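What follows is a short report on a single structure.
Number of protein chains: 2
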Amino acid sequence: MIKGLAMAVTIKDVARLAGVSASSVCRALADPARVRPETRERVEHAARELGYHPNRVARSLITGRTLNIGVVLPDLANPFFPSVVKSIQTRARELDYAVFLSDTDEDPAVEVPAIRALAKQVDGFLLCSPRAPDEDLRSFAGEKPIVVLNRRITPFPSVTADSADGMRQAVAHLHALGHRSIAYVAGPRTSWSNRDRQRGLRAATAARGMTLVDAGNVAPTVDGGAAAADLVLATSATAVLAYNDLIALGLLQRFHARGVAVPGRISVVGFDDILVAALVGPPLTTVAIAKEQIGRVGVDLLLPLMAGHEDGTARRVLPTQLIVRGSTGPAPV
Amino acid sequence: MIKGLAMAVTIKDVARLAGVSASSVCRALADPARVRPETRERVEHAARELGYHPNRVARSLITGRTLNIGVVLPDLANPFFPSVVKSIQTRARELDYAVFLSDTDEDPAVEVPAIRALAKQVDGFLLCSPRAPDEDLRSFAGEKPIVVLNRRITPFPSVTADSADGMRQAVAHLHALGHRSIAYVAGPRTSWSNRDRQRGLRAATAARGMTLVDAGNVAPTVDGGAAAADLVLATSATAVLAYNDLIALGLLQRFHARGVAVPGRISVVGFDDILVAALVGPPLTTVAIAKEQIGRVGVDLLLPLMAGHEDGTARRVLPTQLIVRGSTGPAPV
DNA sequence: AGTCAGTCTGGAATCGTTTCCAGAATATTG
DNA sequence: CAATATTCTGGAAACGATTCCAGACTGACT
Chain A
24 MIKGLAMAVT IKDVARLAGV SASSVCRALA DPARVRPETR ERVEHAAREL
74 GYHPNRVARS LITGRTLNIG VVLPDLANPF FPSVVKSIQT RARELDYAVF
124 LSDTDEDPAV EVPAIRALAK QVDGFLLCSP RAPDEDLRSF AGEKPIVVLN
174 RRITPFPSVT ADSADGMRQA VAHLHALGHR SIAYVAGPRT SWSNRDRQRG
224 LRAATAARGM TLVDAGNVAP TVDGGAAAAD LVLATSATAV LAYNDLIALG
274 LLQRFHARGV AVPGRISVVG FDDILVAALV GPPLTTVAIA KEQIGRVGVD
324 LLLPLMAGHE DGTARRVLPT QLIVRGSTGP APV
Chain B
24 MIKGLAMAVT IKDVARLAGV SASSVCRALA DPARVRPETR ERVEHAAREL
74 GYHPNRVARS LITGRTLNIG VVLPDLANPF FPSVVKSIQT RARELDYAVF
124 LSDTDEDPAV EVPAIRALAK QVDGFLLCSP RAPDEDLRSF AGEKPIVVLN
174 RRITPFPSVT ADSADGMRQA VAHLHALGHR SIAYVAGPRT SWSNRDRQRG
224 LRAATAARGM TLVDAGNVAP TVDGGAAAAD LVLATSATAV LAYNDLIALG
274 LLQRFHARGV AVPGRISVVG FDDILVAALV GPPLTTVAIA KEQIGRVGVD
324 LLLPLMAGHE DGTARRVLPT QLIVRGSTGP APV
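Quick mapping for you: the protein sequence lines, in order, are chains A and B.
This note's numbering applies: residue 24 is where the first sequence begins, and numbers increase by one.
This note's numbering applies: residue 24 is where the second sequence begins, and numbers increase by one.
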């Protein structure tokens with residue numbers, strides 16, 4: 024009895040009120056078919072009377088299952104991640120799982136401790152765009168079911184977007200508009216998606232004999248993009264592709280501030296299709312990826328792992344789709 | 024030994040390796056001062072050797088504390104909430120708490136079950152803009168420590184923004200620009216902040232003898248705002264204030280689509296100052312609230328409650344600040 | 001009526017940790 | 001050196017649920 028907080032009602036209270044043993048209460052509630060209808064009735068009534076809800080913590084101690092899943096991601100302030108988390112949450116709730124959230128603030132060094140801290144309280148993890156080195160993450164292999172989103176790393180199942188195809192679409196679009204020299208503003212070096220997108224872009228431009236200008240790495244934020252804008256303008260590029268939409272928005276902002284016409288002087292393409300991409304002026308041409316699907320598919324991949332089936336290394340690659348808006352136009356003559 | 028998953032190392036394993044009892048291991052790790060330096064050394068070494076981390080679940084069963092806090096909010100897709108969650112997360116991590124997240128999808132009926140489901144696994148709750156009726160929420164009073172954000176409801180401590188002052192600033196700004204008739208596009212009826220903001224706006228316009236036009240309630244989303252845009256134009260209002268930035272962005276979008284000049288024909292003011300507000304064209308004039316503070320202050324208010332101190336009903340009201348950008352201008356003549 | 005199969009039930013053990021208690025070891029004092 | 005005070009330690013109980021086991025009961029059948 025602590026500080027006036029109502030004492031939690033336990034299975035014993037129910038047992039006493041129903042006049043049966045704790046084991047019977049447990050059975051009656053978990054699997055009504057295993058007790059006589061009359062006891063079931065008595066137990067259910069008593070449980071309702073007292074407002075009994077089994078203590079998940081105590082249960083998980085004996086069953087070894089917590090019905091929780093852990094989600095670790097680099098930065099909730101990046102609008103991409105909330106969409107993913109939301110879809111995870113929705114799917115998790117359907118399956119009666121609760122969600123632990125851990126934001127690592129883009130710091131790779133925080134990831135492993137964050138996972139470690141949650142490990143005992145969850146049945147499995149969804150690692151969203153993890154930044155930590157492969158070896159570090161692999162140290163969890165076999166310890167806990169893990170599904171990785173937006174990154175491919177053996178031996179974990181993963182859900183990724185088809186960046187190569189997205190880049191192919193974007194490059195084809197720009198090529199058709201007459202662009203021959205494209206700059207790429209890269210995201211964090213530790214980001215697998217960044218490398219993946221860069222790789223896809225390199226292949227796509229090479230395939231068409233276009234020039235690819237490296238505009239360096241920046242933080243995947245609006246400020247990062249703004250910082251890269253002037254560098255981009257100093258090159259020969261007539262179009263710029265950003266690692267993600269936030270960077271692209273930063274580019275747009277800085278271009279606008281400097282009076283650089285978009286798409287007149289330079290075309291801008293983003294990646295992710297976050298909500299705001301459609302709202303800015305000019306609206307951003309971007310490569311959309313199925314954000315809501317990532318989370319749902321991730322959970323569905325995690326499920327069999329948590330149930331103990333060694334479904335090993337399923338790799339789901341989700342399609343990407345170029346969304347053409349106002350920020351891209353014909354190359355200047 | 025289940026399905027190849029490495030068996031978790033328990034306190035007994037450490038005890039065996041260190042050649043001491045489980046209780047000594049516990050003491051050595053929890054409070055090194057209570058054991059002889061030599062045992063401490065042995066235990067620490069053994070723990071490190073085996074990679075032992077105490078099982079929080081088991082611990083919480085006996086201590087009654089989980090070191091988890093639950094966060095419940097209406098919609099992660101609204102950029103306002105991720106900022107709050109992020110600040111909660113940051114503060115919680117500093118204090119060695121982990122965060123449970125539950126998104127109710129703006130459905131008031133989901134809130135109570137969501138809280139109920141998490142109740143046994145957390146030491147306290149941060150309810151972000153809860154939509155459920157007062158009575159429903161009050162049923163948790165005394166059961167679990169709860170701090171409410173963006174809503175005031177006895178007997179819970181709360182953290183809110185000074186909407187009245189924000190509205191006063193916005194109205195003063197518009198009045199100075201010559202506007203005399205203002206429309207308000209309201210958010211969810213179940214939202215306390217919506218009522219609070221509406222109240223503040225009513226007072227501020229009345230104080231200056233201005234006309235306040237009610238443009239109805241819409242969902243707090245871009246689409247909601249777009250839907251309200253035409254209604255607003257049909258009124259005599261020369262300026263429109265939205266319940267939040269998303270609605271304001273929807274208004275801007277629809278105005279732009281219809282070729283309505285902003286701020287030439289009509290001025291637009293939002294609320295919250297979400298990241299994108301500054302990025303759209305024209306950039307949105309809006310009332311900023313200290314999003315990062317809300318979460319931090321909320322956690323700090325929750326802390327003493329979870330420790331058992333009945334600090335009752337602290338009410339923190341955070342300041343608001345009008346941010347003037349391009350979406351407001353002189354009233355048309 | 002007696003045997004047997006099957007259904008229900010209560011008691012005990014268990015999960016991994018913390019905490020209480022009492023006894024052992026060590027240190028302090030006259 | 002003996003007596004006392006102090007520090008450390010191990011064993012056992014506890015947290016709240018689930019699960020195994022064995023015994024009690026029911027009913028069916030010969």
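Built from N, CA and C at the ideal position, the CB exists for glycine as well.
The model shown is predicted, which means the values in this text are computed figures rather than measured ones.
With distances taken between CB atoms, is the gap from residue i to residue j smaller than 7 angstroms?
| i | j | result |
| --- | --- | --- |
| I317 (chain B) | V48 (chain B) | no |
| D4 (chain B) | D295 (chain B) | For chain B, the structure presents residues 24 to 356; residue 4 (chain B) sits outside this window and is missing. |
| A164 (chain B) | P180 (chain B) | no |
| Y120 (chain A) | L90 (chain A) | yes |
| L307 (chain A) | R339 (chain A) | no |
| S290 (chain B) | G352 (chain B) | yes |
| V283 (chain A) | I111 (chain A) | no |
| R63 (chain A) | P55 (chain A) | yes |
| L149 (chain B) | V80 (chain B) | no |
| A249 (chain A) | R277 (chain A) | yes |
| A262 (chain A) | H198 (chain A) | no |
| G223 (chain A) | A187 (chain A) | yes |
| I13 (chain A) | P102 (chain A) | As displayed, chain A neither begins before 24 nor continues past 356, which places residue 13 (chain A) out of reach and without an answer. |
| V208 (chain A) | A251 (chain A) | yes |
| L254 (chain A) | A238 (chain A) | yes |
| T234 (chain B) | V194 (chain B) | no |
| R50 (chain A) | V58 (chain A) | yes |
| F123 (chain B) | L141 (chain B) | yes |
| V303 (chain A) | V303 (chain B) | yes |
| C151 (chain B) | L118 (chain B) | no |
Nearest to residue i by alpha carbon, out of the options?
| i | options | result |
| --- | --- | --- |
| P156 (chain B) | B:L118, B:K167 and B:S214 | B:S214 |
| S259 (chain A) | A:R281, A:C151 and A:R288 | A:R288 |
| L324 (chain B) | B:V170, B:E67, B:E166 and B:E134 | B:V170 |
| L341 (chain B) | B:L302, B:L197, B:S350 and B:A184 | B:A184 |
| R88 (chain B) | B:H76, B:V356 and B:M329 | B:M329 |
| T113 (chain A) | A:P131, A:I92 and A:D128 | A:I92 |
| N78 (chain B) | A:R139, A:H68 and A:R39 | A:R139 |
| V292 (chain B) | B:K167, B:S350 and B:D159 | B:S350 |
| V236 (chain B) | B:R225, B:A206 and B:L264 | B:A206 |
| I34 (chain B) | B:A69, B:P327 and B:E158 | B:A69 |
| T343 (chain B) | B:K167, B:G74, B:E117 and B:Q192 | B:Q192 |
| I176 (chain A) | A:D146, A:K143, A:E61 and A:S216 | A:S216 |
| V135 (chain A) | A:L118, A:Q144, A:R161 and A:V145 | A:R161 |
| A53 (chain A) | A:H76, A:A31 and A:D146 | A:H76 |
| H116 (chain B) | A:R225, A:A115, A:G42 and A:S125 | The residue you asked about is not His; residue 116 (chain B) is Arg in the sequence shown. Among A:R225, A:A115, A:G42 and A:S125, the Cα nearest to that of R116 (chain B) belongs to A:S125. |
| A132 (chain A) | A:C151, A:D159, A:S46 and A:G147 | A:D159 |
| R225 (chain A) | A:G189, A:P243, A:E129 and A:T86 | A:G189 |
| G146 (chain A) | B:S204, B:A31 and B:F104 | Residue identity check: residue 146 (chain A) is Asp in the sequence provided, not Gly. When only C-alpha atoms are compared, the closest one is B:A31. |
| E315 (chain B) | B:K109, B:R154 and B:A41 | B:K109 |
Would you decide whether residue i is buried or exposed? Buried here means 16 or more other CB atoms lie within 10 Å of its CB.
| i | result |
| --- | --- |
| L345 (chain A) | buried |
| H332 (chain A) | exposed |
| S83 (chain A) | buried |
| T336 (chain B) | exposed |
| G232 (chain A) | exposed |
| P355 (chain B) | exposed |
| I25 (chain A) | Any reading at I25 (chain A) must be qualified, since the residue scores a pLDDT of 34, below 50, and its modelled position is unreliable; the value itself is stated next. With fewer than 16 other Cβ atoms within 10 Å, it is exposed. |
| A230 (chain A) | exposed |
| P286 (chain A) | buried |
| L275 (chain B) | buried |
| T244 (chain A) | buried |
Could you spell out the range, first to last residue, of the beta strand (DSSP E) harbouring residue i?
| i | result |
| --- | --- |
| R339 (chain B) | R338 to L341 |
| A350 (chain A) | According to the sequence provided, residue 350 (chain A) is Ser. The question's Ala does not apply to it. Element bounds for S350 (chain A): n/a, residue is neither H nor E. |
| L124 (chain B) | A121 to D126 |
| D237 (chain B) | T234 to N240 |
Consider the C-beta atom of residue i and the heavy atoms of the ligand SAH; say whether any pair is separated by less than 6 angstroms.
| i | result |
| --- | --- |
| R319 (chain A) | No copy of the ligand SAH occurs in the structure displayed, which carries no ligand at all. |
In the DSSP assignment, find the alpha helix (DSSP H) that holds residue i and state where it starts and stops.
| i | result |
| --- | --- |
| F278 (chain A) | D268 to R281 |
| S46 (chain B) | A45 to A53 |
message: What ranges does the alpha helix (DSSP H) occupy inside the region 55–103 of chain A, keeping only unbroken runs of at least 4 residues that lie completely in it?
response: 60–73 and 79–86
field: Segments of 3+ residues assigned as beta strand (DSSP E) that fall wholly inside the region 296–328 of chain A
entry: 308–312
- prompt: In chain order, which continuous runs of the alpha helix (DSSP H) of length 4 or greater are located wholly inside the region 154–218 of chain B?
  reply: 157–161 and 186–199
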